[in-house]
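Working notes, beginning with the structure itself.
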Amino acid sequence: MTSTRSAPPPPAQATLPDAWRVEVFRADPVNDPEAREVLAAAAELGVSGLREVRTGRGFLLPSRVTRAAVEAATRELFADPVLDTARIYAPRAAPEVASGVQRVLVARKSGVMDPVALTVQQALAAAGIVREARDDDFFATTFKIVEIQGRTDARALALLAQKSLANETIEDVLIDDERLVFARPPATPPHGVIHVALVNADEEALMKISRDGALSLSLAEMRAIALFFKEQRREPTVCELETLAQTWSEHCKHKTFTGIVDFDGELIDNLLKRTIKDATLTLAKPWCVSVFHDNAGIIAFDQGHDVCIKVETHNHPSAIDPYGGAGTGVGGVVRDILGVGLGARPIANTDAFFVGPLDLPADKVPKGSMHPRRILRGVVAGVRDYGNRMGIPTVSGGVWVHEGYIGNPLVYAGTVGIMPHWAATKTVASGDAIVVVGGRTGRDGIHGATFSSVELSEESEMVSSAAVQIGDAITEKRVLDGLLTARDKRLYRAITDCGAGGLSSAVGEMSADCGAEVDLEKVPLKYPGLAPEEIWISEAQERMVLSVPPANVKELLATFAAEDVEAVVIGRFTSTGRLVLRHAGVVHADLDLHFLHEGTPRPMRSATWKAPQHKDPGAPRESDHGATLLALLGRPDTQSKEWIVRQYDHEVQGMSVLKPLVGERMDAPGNAAVLKPLATSQKGIAIGCGANPHYGVLDPGAMAEAVIDEALRNVVAVGGDLDHTAILDNFSWGNCEKPDRLGALVLAARGCHRAALAYGTPFISGKDSLNNEYKVGDQTIAIPPTLLITALSVVPDVAEVVSMDAKRAGSRLYLVGATRPELGGSAWFALRGIAGGTVPRPDLATAPGLMRALHRAIRGGHVLAVHDLSEGGLAVAAAEMAFGGGLGIDLALAEVPMAGFDHAHDPDGTRLYSESCSRFLCEVAEGSAAAFERELGANPSACVGEVTARSKLRVSSTDHSILFDVGIEELRRAHLGEFRG
Amino acid sequence: MHPTAPRALVLRTAGINCDGETVRALETAGASVDLVHLALVTAEPARLDDTNLIVIPGGFSFGDDVSAGRVFGLELRHALSEKLCAFVDRGGYVLGVCNGFQVLVESGLFERELGAAGMPARSIALTANAGGRFECRWTTMKAEDSACAWLSGMEVMPVPVAHGEGRFVVKDDKVLARLKSKRQIALRYVRADGSAAGGYPDNPNGSVDDIAGICDPSGRVLGLMPHPERNLTPWNHPHWTRMLAQTSKPRTCGEGVLFYRRLVEAAAGVHA
């Protein structure tokens, strides 16, 4: 279908491009930090022979532009008069290359979005420098130049280009070859309405149609469609079949979670409804404003305002193109916030990355995959560039490492928004205009929704380039500015974002209860030549769809025009219950909306669970706990994320109360970020998260409870109110058509249900990504069961917030919460390579009360610092608290409150590294101790030490001898870890 | 707001994203603020006539595509050059923060003498941080004895920076000498105690001579990379919880308020 019928890529250019070429380099290598990165990358890849490197940027402009205009463009726009040297080459002229210099050119493939080229065109037109830049058919392109002096063989250079300089999915690489492409992408040959012969097709033919068209529809689904059209006495059109495939994709429909599951003989009808949603319904919190049905969950914040939050995965696109995939992940979840209710202002972003071991030997990277380091660097840069450009602070996140993510990394991006309460609801009205606003539509991102619903394979890199979208944050920022103005003028009645499935999903969803007619030729295109079905399902970024009363259309279009945003009426909502698509007057689809939304056959899947068999390994004896602690601090999951956090603008909008990094030198990991979103309110929001794939492998049910506890610990530790806290579930799982994967999902969902009910924290939004497996040959690698829980908590008064760094020598340290021999999946066991053991599991009967008591103590001002205990247990928490405060800590393990201890476990190791839930290390001033103890009441809590002025962490064992005494500078250095980007 | 509050025009365009906190800072400091899109000002340049102060906030104007502030600077030069020069010549104040600073550098305004026709050729630039990466961290800035009279005597101030291209560079040593002799070096990065930064991280980007901000020869045009408008509340400072634990005395406001108060008072013609 679409993918097979598209025109082939243009052949390699036979000649130099018929375009003006401008090449710009830094005059002084000191000003070329990118060149240093290239050298570092070469060293990491073992590519030798590079003596000197310089990087530059090239621009191509159409040959019909005058030389004088090209010179002016170079002087005024391309080159810096202080820093750069520039060369201009006439069309088809070869650039001058010094002898002994090898050149690598990297250019976007034709048709792949190039935001810089668009900006260049707009700037040249606006300033009147290049008259032709205003023409419809004008375009410019840009490219990257790397010039290398030295003796590097061509193969090594190609490796460097492939592994570091370029992403060949979206970019062309030319080595010592100047024949750049300067052309628009070829048009799809025009065609009339195409019908697909489905009605009389046999099983084999049906599946062939699904596969060849990259529809990801199952046989049952193909049969349901064939049957439906048989009743209609006609064949479906390409547009109709594509619309069904998009709408019915696992990505959009969550068929597994809402289907029927046979769990070892027990029938579960709709797992989502019986677990996650049931908890929310049962809790019935009055402050839940909008849950599950919109683009994000909404809760009340203060009298006039609500806050909303959404977390999304963008796993498969990030595996193929880490930078672009993570960037569009952020762009997409931001649009969810712009599209919830009538739209909210984004005030914070979150990110969580799950990657393979960072020290993975190069030969262990599966074919078609990238090294985990490259993936992590790329996704960090993608989140950075999109979030920073949008002006949204990225304040919360984490990195988790497990070998199960080598071929299938996970990238989660979340956004929090704030909105006036009246904007929390929407209704589409028939008769309203359908208006699409934002970026133009191109052939980018075809079949993203269906692509994300299948397993990755070594060919994914090759076949899925069309599934990769390229983001342009500034276009989205423009949309944001225009949208909030239009919202406050109340110019539209409903809105949603164009995400997976593009217009097909957005218009399909909005018209579900009424009907819609769309004239596809009205959709603004990046370049001519898109087929109707390509326009309809393209996932080109930065677009929103609005339902606009006809009387407001003019003002709405003007409001967006003032922000330089394209807004176009592409159709209208009707009351026919049908979705009608036309292109130049010809009907390409006329589909019953009820069938589209309700016709999906519910799959019946079987699930089973057999716990992994491990003997309880007890707890090993350690000869040197000081060295163990240093090793734990430097583990990739625990090590400082400063190299990431500093690249994110976490201060923009001026709301920060607690930053991601806190303490004397601002290098200690805070429990949770706190923001004060409104100048007019003392209330704050705290954002925390929890995840642990190591627990997930051993015991998915315990894992779910433990990571909910972790996310809640984070927010409670800073002053968040447990009774005004909502949570989000994001499941990334293996292929749930395999019973063991689905069994683990059932257990985790049930754990979610139990914990949410116990803590009184409703789920308000969630998402699942259920096909995270990677095929190499005939082997399939599934990711470990990965549940990311995000907690959004309202802080009653930001002036009461506490940070985790030790504050005053002489104050007492209390350990709140009982320690159990729960070492299964712990950082300590991972360090020692020990499998099995008991996974931490919160005591749901007592944990919520303990958290409420601690909250009272914080609000009462009885606490100077709180740090929650998680990976690495008490040892890591105390170390972070000490170097965070630039102070020493004395800790007596004999005082640690224990529960369920047995003697198979080393008493000191268990106390130091157990990851039992619901525990906090609290610094309490001597004078506040009585009040603190009173608030904690009968909850397990004991004074386990004190803060000292001696700048060392000194720990005494259960038999009162000194176990270790390590300086805080040494702890700080260990915490920096090995990998810093 | 005082009835004779000075009027501040906050100029934004696609990608400017610190306009919210900038407006808040100016209003807190007593200005009457107009937040206006560049397109509106180029269409009606008369909007500059009854303004005391023009502020260009931070962000990523036009995505910082090609180079930070390049395209916005280009548009200023082409569409507003005359009006902007006349505005400064008649005594108006201009502030550019972060991306706004980059835009003003690109515009050429810092090297223009009062009364000169048009913008001179540029010999200063803001370029990629020495570390090669975008960096967000708290720093300390110190007002130097400079032509920018309204900064005179301001205490050393904690302020966050957040930029990828904030390294101030000059074409050659003569340019630096000229900036010094014309008293244009207005702000430097220092350590928290006010002593010289002595390299990274107190000088976060490798700027020559630890320069964090400069002014034009008149002293009325100021640009700086740090963000005083992100330190308005008592809770923005990265050590506020530590200060509270040590003194038990809550802070009343962020130090950034003092910066904007001085600016607004100067722009109102009131001497600080």
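Residue numbers (our numbering), protein chains in the order written: chain A, 1 to 981; chain B, 982 to 1253. Each residue gets a CB set at the ideal place from its N, CA and C atoms; glycine is no exception.
{"Query": "Element boundaries [alpha helix (DSSP H), containing B/TRP1221]", "Result": "1221–1228"}
{"Query": "Unbroken stretches of the beta strand (DSSP E), 3 residues or longer, contained in the stretch 721–784 of chain A", "Result": "725–732, 763–769, 773–776, 779–782"}
{"Query": "Which of helix, strand or coil DSSP assigns to A/TYR527", "Result": "coil"}
{"Query": "B/CYS1234 to A/GLU800 span [Cα, whole Å]", "Result": "16 Å"}
{"Query": "DSSP beta-bridge partners of B/CYS999", "Result": "According to DSSP, B/CYS999 bridges with nothing at all."}
{"Query": "Start and end residues, alpha helix (DSSP H) containing A/PRO346", "Result": "Unbroken run through A/PRO346 is the beta strand (DSSP E), 345–355; no alpha helix (DSSP H)."}
{"Query": "Nearest-angstrom beta carbon gap, A/GLY634 and A/ALA974 [assumed within contact, 8 Å]", "Result": "5 Å"}
{"Query": "Buried or exposed (CB count within 10 angstroms, at least 16 for buried), B/ASP1154", "Result": "exposed"}
{"Query": "Own chain, CB closer than 7 Å to A/ALA123, minus 5 neighbours either side, in chain order", "Result": "LEU77"}
{"Query": "Three-state secondary structure assigned by DSSP to A/ILE968", "Result": "helix"}
{"Query": "Reduced DSSP category for A/CYS252 - H, G, I as helix; E, B as strand; rest coil", "Result": "helix"}
{"Query": "Classification of A/PRO693 by the beta-carbon crowding that lies within 10 angstroms, buried from 16 upward", "Result": "buried"}
{"Query": "Member of A/ASP202, A/ARG151, A/ALA562, A/GLY368 whose CA lies at the smallest distance from the CA of B/LEU1021", "Result": "A/ALA562"}
{"Query": "Reference A/ALA381, options A/VAL365, A/MET419, A/GLY329, closest by Cα", "Result": "A/GLY329"}
{"Query": "Spatial distance of A/VAL112 from A/ALA540 (CA atoms)", "Result": "10 Å"}
{"Query": "Inter-residue spacing [alpha-carbon to alpha-carbon] between A/LEU722 and A/VAL866", "Result": "16 Å"}
{"Query": "Proximity test, Cβ basis, 8 Å: A/ILE858 and chain B", "Result": "no"}
{"Query": "Pick from A/PRO409, A/GLY884, A/VAL199 that is closest to B/PRO1219, judged by C-alpha positions", "Result": "A/GLY884"}
{"Query": "Beta bridge counterpart(s) of A/CYS308 as assigned by DSSP", "Result": "A/ILE298, A/GLY417"}
{"Query": "Where A/VAL507 falls: helix, strand or coil (DSSP)", "Result": "helix"}
{"Query": "Under 8 Å between C-beta atoms of B/GLU1087 and B/GLY1050", "Result": "yes"}
{"Query": "8 Å Cβ cutoff, B/PRO1139 in contact with chain A", "Result": "no"}
{"Query": "Residues sharing a beta bridge with B/THR1122, DSSP", "Result": "A small fix is needed here, since residue 1122 of chain B is Met in this sequence, not Thr. In DSSP, B/MET1122 forms a bridge with B/MET1138, B/TYR1170."}
{"Query": "Opening and closing residue of the alpha helix (DSSP H) in which A/LYS477 lies", "Result": "473–488"}
{"Query": "Environment of A/LYS426 [buried if 16+ CB atoms lie within 10 Å]", "Result": "buried"}
{"Query": "Which of helix, strand or coil DSSP assigns to A/THR141", "Result": "strand"}
{"Query": "Cβ of A/GLN541 within 8 Å of any chain B Cβ", "Result": "no"}
{"Query": "Rounded Cβ spacing between A/ASP729 and A/ALA847 (contact assumed at less than 8 Å)", "Result": "Their Cβ separation, rounded to whole angstroms, is 18 Å, which puts A/ASP729 and A/ALA847 out of contact at 8 Å."}
{"Query": "A/SER803: contacting residues in chain B (beta-carbon distance under 7 Å)", "Result": "THR1222"}
{"Query": "In DSSP terms, what A/ILE434 is bridged to", "Result": "A/SER547, A/GLY571"}
{"Query": "Residues sharing a beta bridge with A/ARG108, DSSP", "Result": "A/GLU171"}
{"Query": "Spatial neighbours of A/HIS371 in its chain, beta-carbon cut-off 6 Å, leaving aside the 5 residues before and after", "Result": "VAL365"}
{"Query": "Which of helix, strand or coil DSSP assigns to A/GLU461", "Result": "With a pLDDT of only 47 at A/GLU461, under the threshold of 50, the placement of this residue in the model should not be trusted, and no figure is reported."}
{"Query": "Cross-chain neighbours of B/PRO1219 in chain A, by beta carbon under 8 Å", "Result": "LYS659, VAL662, MET666"}
{"Query": "Outcome for A/MET462 when other beta-carbon atoms lying within 10 angstroms are tallied against a minimum of 16", "Result": "Residue placement at A/MET462 cannot be trusted, given a pLDDT of 46 that sits under 50; what the coordinates show is reported in the next sentence. Per the 10 Å Cβ criterion, exposed."}
{"Query": "Exposure of A/SER464, with buried meaning 16 or more beta-carbon neighbours within 10 Å", "Result": "The pLDDT assigned to A/SER464 is 48, lower than 50, so where the model puts this residue is not dependable, and the model offers no usable value."}
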